[in-house]
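Please read the structure below before turning to the comments.
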Amino acid sequence: MENIQTKSFHMLAIDDEEDALVVIRQLFRKEIRKGEIQLDCALNAGEALDFLGNQQTMDIVLILSDINMPGMSGIDLVKVIRERWSNPPPFVFVISAYDSRAKEARSVGADDFFTKPLDVDMLKTRVLELKKQLWKGEKNGC
Amino acid sequence: MTIKTSISRVLITRIVLLSSFITLAFTVFQVWRSYEEDLGVIRMGLQRVETTVLPTMAHELWVNDLKTVKFVLQGIATLHYVAKAEIMLTEHDNQIFSHGTEAAQPFVRVIPIKYKDYRDQIRHLGELRITAELDGIYQNLWKRSFFILGVNFLQILIVAAFMMLLFERSVVRHLRVLAEALHEFNPEQESKEIKFPQMRSRQDELSVLAWSFNVMAQSMRRSWLSLREADKRLQALHIELSKQSERQKLFLDSMPQHLAILDAKGDIIYVNHAWITFAKANGYEGETYGLGVNYLEVCEQDPGCKTIVRNLEALIGGWSHDFIMEYPLHTSDNEYWFTLRMNRCESHGEIYLIVTHTNMTRQKRAEQKLQKTNDLLRKTLREQDNAFREIAAIVETVPDVILTTDHLGTIEFANNRTELIFGYKPEELISRNVNMLMTSPHREEHHRYIKQYHQTGEPRIIGTTRELPAKRKDGSIFFIELSVGEFYIDDEQKFTGFIRDVSKRKFRHAYIEDLNEELRRTNARLEERVLERTEKLQQAHQTMVQQERLVSLGTLVAGVAHEMKNPLSFIINFAKLTKRDLEDLLIELKSEPLDFEEVDELTKGIQQYCQKMVEHGERASNIVTTMLSHSRSERGQTWTQVDVNALLQEYFKIAHHAFRAQHTGFEIKQCLELNEKIPHIWGAAPRLGQVFLNIINNALEALANQQDQESVFQPQLKIRTEFHEKVLTVTITDNGPGMPESVKKQIFDPFFTTKDPGKGTGLGLSLSHTIIADEHKGKLSVKSKEGQGTTFFISIPLGKEK
Chain E
8 MENIQTKSFH MLAIDDEEDA LVVIRQLFRK EIRKGEIQLD CALNAGEALD
58 FLGNQQTMDI VLILSDINMP GMSGIDLVKV IRERWSNPPP FVFVISAYDS
108 RAKEARSVGA DDFFTKPLDV DMLKTRVLEL KKQLWKGEKN GC
Chain B
1477 MTIKTSISRV LITRIVLLSS FITLAFTVFQ VWRSYEEDLG VIRMGLQRVE
1527 TTVLPTMAHE LWVNDLKTVK FVLQGIATLH YVAKAEIMLT EHDNQIFSHG
1577 TEAAQPFVRV IPIKYKDYRD QIRHLGELRI TAELDGIYQN LWKRSFFILG
1627 VNFLQILIVA AFMMLLFERS VVRHLRVLAE ALHEFNPEQE SKEIKFPQMR
1677 SRQDELSVLA WSFNVMAQSM RRSWLSLREA DKRLQALHIE LSKQSERQKL
1727 FLDSMPQHLA ILDAKGDIIY VNHAWITFAK ANGYEGETYG LGVNYLEVCE
1777 QDPGCKTIVR NLEALIGGWS HDFIMEYPLH TSDNEYWFTL RMNRCESHGE
1827 IYLIVTHTNM TRQKRAEQKL QKTNDLLRKT LREQDNAFRE IAAIVETVPD
1877 VILTTDHLGT IEFANNRTEL IFGYKPEELI SRNVNMLMTS PHREEHHRYI
1927 KQYHQTGEPR IIGTTRELPA KRKDGSIFFI ELSVGEFYID DEQKFTGFIR
1977 DVSKRKFRHA YIEDLNEELR RTNARLEERV LERTEKLQQA HQTMVQQERL
2027 VSLGTLVAGV AHEMKNPLSF IINFAKLTKR DLEDLLIELK SEPLDFEEVD
2077 ELTKGIQQYC QKMVEHGERA SNIVTTMLSH SRSERGQTWT QVDVNALLQE
2127 YFKIAHHAFR AQHTGFEIKQ CLELNEKIPH IWGAAPRLGQ VFLNIINNAL
2177 EALANQQDQE SVFQPQLKIR TEFHEKVLTV TITDNGPGMP ESVKKQIFDP
2227 FFTTKDPGKG TGLGLSLSHT IIADEHKGKL SVKSKEGQGT TFFISIPLGK
2277 EK
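Going down the list, the sequences are from chains E and B.
So the first sequence is numbered by the numbering used here: it starts at 8 and just counts up by one.
So the second sequence is numbered by the numbering used here: it starts at 1477 and just counts up by one.
Given below as structure tokens:
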């Protein structure tokens, strides 16, 4: 676990609208450039699961998913992730156009909920906070 | 009857048989006893030998004195019942000594010979075998049994013979006498008393029997005698009765009435002479109305006799007791009337009906004559009465006053109108002079007028009508129209006067005018109100239609708002990124050395952001345009070429978004089967959009309801377009709960809704129908079954430019 410090913060963003993915990528442009954050994208839940494959351990730290997508919904994706990966469990943030789904999302195991239109500044703050927290925690742990 | 088997013989035979059996059994028992006794004697003897001789013999054998033993043996053999005595010596090689002869009927007894030696040990020396002869005993037994049997039989026979004799003499003989007496008994003759051959002083059963018989015979004889007496009296009575009956018959035959007597079944059991004569005279043979015929049946066959049948049945049934009917019987040459009388009598539990027909012709004729005169009289009276009533009614109904006076002007009659017109009641006027109703100067001059008329005969007022002033009871003066006439009753002159109140005529004309005016005004007001109401109703309808449009606009706005969120969010986010990256770029440009790669990337990024902002801006703008076009309320929509596929996609998206905004977690399997080859049609896009929105929205609501009820339900919405023979058809199908026939019939009716009050206007589908059928000349129809979903068909013809 020592090498987590050296390892970059690996994120997976899922949204059926490509422009949303563009926004997220550009939001973390500098961090990605510096190699502090590694970002992968998927256009739907199926693609995301393919990407994650069948591996038992999870090197992705944060999954950022839209809820309303054609095919499998973000809620169902969270359920699958929570069932399949617990070593270590990844953080999952979900985004929806409807506030009303926040409770449902949290009940299936989402760690945070953002509404559309997405407040990018807040998202960035939350992600960087999480990143800092994790590193700090690891340092203390050592 | 003769005696075939005598009682005494039967008795004796049975006694002999029973006694013989008992005797036999007794003899067998005695013989067996005697055999046992004889055998007992032999056993005792042998016992004695065993107790007396055996110890000595054992001792002799022990000391081996065989001679003495043999001697003793010889002694035993000489006993009278012993045939043979043997001894077998065990100690001397089973040596046997015997004495005597073999027995014919042997009875053997073996006795062991034991000796107790000095050591008190029992020694077995041998055994003594004694054979006794039973032959003598048996012979003795036979002899004895024959004797017993013989004696007993003899005894039985003698007793039986005696018994037979005694029985014969004391019982059977008397019985025979009794039988003979009974056999000869006849109550018609004096019978003999039973006497037994010998005087029997004893009061035994037989003598009591004989005595009883004698008593019975006597009483029977007496009964028979009294019976014969009664019979004689009865015969006399019968003769008397038949005489009486004959007399009665004569009496009945002499009656002028036709009389028949029926029994309870209605059969005629008697008819009198008049009946027969009448029947014959009228051509009825005896069989039709004669004896033995059922009167009820005869009457039933005659259709004119229904009343008689009904009453006859009532009489037979006991519901009534008599019946009287008058009936005519008209022959070709004469008319007769009869009275039918039927009476129900009960005698000794039997029911009889007495039917009489009385000829009433003479009475009837007299009655008829009287009736005719009466009728005529009554008719005349009635006519007069009616005429009078008619006149009286007319007189009382006439709106004018009618008076009659005598030749001097004294009022004799006045109708009720006087009260209304003059204020006097008719009775207040009668017997007073008519001038009391007049004003001066006529009042004073009236006498003179009449006098003048009488003298000259020239009428002044008679036969004309004149307007005059008159005076009421209260003294007020008013104008009347007066007509006077004259008439005579029994040469006495009378006058009639008709008086009409004319003072109200003018006033009435004015009143009618007023009424007409009022009516015209009311009519005008009513018309005004009708117009007002119609306008209000039209406004209300307009408001409802507008409201429905607002509802669909509301749906639209909810959907559009969500649609707008997305592009706006992108614009904001890309703007933020642009701002940030521009700041970065400025910093980068000022730094040394210049990182070209970074600058290039930032610039390209900003370019991209701008491009994206433009794209999303346009997207938002489009949405707004759609909404605006939908919300335009003018009816005269711009008639354009419409791409129905695009319209459907757009409105489906809006409806879906709007619906999801209100229903959490509602997911739907959508299926758009839009045929790309369909042409554009001429129509009003926003109006069509309103229809699509309405139908899709209804479908979504039905699906959401179904899902609320069953969580496993998979909502599904299918939209198809196709083009066939210049008609474009849109099919919108959901797999929701469908609707019952009753709902289906009404869905296109205005204000019909299945939603809760306040949730729907009930105008959606009605308006849709108007839009498709009236505005676009198309067809809107629905196919649905409960539990099998609903399908809406929207057919629109290609149309033309307007």
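Don't be surprised by glycine CBs; every beta carbon is placed ideally from N, CA and C.
Note that this is a predicted model, so its numbers are computed, not measured.
Residues that residue i contacts on chain B, provided the C-beta gap is smaller than 7 Å
i: residue 33 of chain E; result: 2053 and 2081
i: residue 41 of chain E; result: Simply none; closest approach about 12 Å.
Among the options, the one whose alpha carbon lies nearest that of residue i
i: residue 1975 of chain B; options: B:1793, B:1914, B:1969 and B:1922; result: B:1914
i: residue 1627 of chain B; options: B:1952, B:1499 and B:2221; result: B:1499
i: residue 1562 of chain B; options: B:1604, B:2208 and B:2144; result: B:1604
i: residue 2181 of chain B; options: B:2231, B:2057 and B:2007; result: B:2231
i: residue 1619 of chain B; options: B:1510, B:2188 and B:1755; result: B:1510
i: residue 100 of chain E; options: E:16, E:21 and E:15; result: E:21
i: residue 2133 of chain B; options: E:40, E:98, E:37 and E:76; result: E:76
i: residue 1634 of chain B; options: B:1492, B:1710 and B:1690; result: B:1492
i: residue 1882 of chain B; options: B:1970, B:1951 and B:2046; result: B:1970
i: residue 88 of chain E; options: E:67, E:107 and E:102; result: E:67
i: residue 46 of chain E; options: E:53, E:74 and E:37; result: E:37
i: residue 1583 of chain B; options: B:1515, B:1808, B:2204 and B:2080; result: B:1515
i: residue 1573 of chain B; options: B:1598, B:1591, B:1543 and B:1841; result: B:1543
i: residue 2171 of chain B; options: B:2154, B:2135, B:2198 and B:2160; result: B:2135
i: residue 2117 of chain B; options: B:2059, B:2154 and B:2104; result: B:2154
i: residue 65 of chain E; options: E:96, E:81, E:24 and E:54; result: E:96
i: residue 2119 of chain B; options: B:1855, B:2197, B:2082 and B:1947; result: B:2197
i: residue 119 of chain E; options: E:125, E:51, E:140 and E:102; result: E:102
Own chain residues within Cβ distance below 8 Å of residue i, not counting five before or after
i: residue 1648 of chain B; result: 1482, 1483 and 1484
i: residue 2147 of chain B; result: 2192, 2193, 2194 and 2195
i: residue 2070 of chain B; result: 2064
i: residue 1751 of chain B; result: 1734, 1735, 1736, 1765 and 1833
Cutoff 7 Å; reference residue i; Cβ partners in own chain excluding five residues on either side
i: residue 1759 of chain B; result: none
i: residue 1640 of chain B; result: 1484 and 1488
i: residue 1661 of chain B; result: 1667 and 1693
i: residue 2040 of chain B; result: 2096 and 2099
i: residue 1566 of chain B; result: 1600, 1601 and 1602
i: residue 2 of chain E; result: Here chain E comprises residues numbered 8 to 149, so residue 2 of chain E is not present and cannot be evaluated.
Presumed contact (8 Å Cβ cut-off) between residue i and residue j, rounded CB distance
i: residue 1654 of chain B; j: residue 1630 of chain B; result: Not really, about 36 Å apart at Cβ, beyond 8 Å.
i: residue 1549 of chain B; j: residue 1589 of chain B; result: Not quite, the Cβ-Cβ distance comes to about 12 Å (not below 8 Å), so this is no contact.
i: residue 112 of chain E; j: residue 85 of chain E; result: 7 Å
i: residue 1887 of chain B; j: residue 1916 of chain B; result: With a Cβ gap of about 20 Å, residue 1887 of chain B and residue 1916 of chain B do not count as contacting.
Closer than 9 Å to chain B by CB, residue i
i: residue 52 of chain E; result: no
i: residue 37 of chain E; result: yes
i: residue 132 of chain E; result: no
i: residue 9 of chain E; result: Bear in mind that the predicted position of residue 9 of chain E carries a pLDDT of just 39, short of 50, making it unreliable; the figure below should be weighed with that in mind. It does not: the Cβ of residue 9 of chain E has no partner Cβ on chain B nearer than 9 Å.
Chain E residues whose Cβ lies nearer than 8 Å to that of residue i
i: residue 2143 of chain B; result: 80
i: residue 2042 of chain B; result: 24, 104, 123 and 124
i: residue 2088 of chain B; result: 26 and 29
Spatial neighbours of residue i in its chain, beta-carbon cut-off 6 Å, leaving aside the 5 residues before and after
i: residue 1609 of chain B; result: 1559 and 1579
i: residue 69 of chain E; result: 18 and 98
CB contact below 9 Å: residue i versus chain E
i: residue 2184 of chain B; result: no
i: residue 2048 of chain B; result: yes
i: residue 2076 of chain B; result: no
i: residue 2192 of chain B; result: no
i: residue 2125 of chain B; result: no
i: residue 2112 of chain B; result: Caution is warranted here: a pLDDT of 49 is assigned to residue 2112 of chain B, below 50, making its placement in the model unreliable, and no coordinate value can be reported.
i: residue 2245 of chain B; result: no
Residue i: contacting residues in chain B (beta-carbon distance under 8 Å)
i: residue 30 of chain E; result: 2046, 2049, 2050 and 2053
i: residue 127 of chain E; result: 2049, 2052 and 2053
Within chain E, the residues that residue i reaches when beta carbons sit closer than 7 Å
i: residue 2038 of chain B; result: 104
Chain-ordered chain E contacts of residue i [CB-CB under 9 Å]
i: residue 2136 of chain B; result: 75, 104 and 105
Proximity test, residue i beta-carbon vs the ligand NAD heavy atom, cut-off 8 Å
i: residue 2198 of chain B; result: Ligands displayed in this structure: none; no statement on the ligand NAD is therefore possible.
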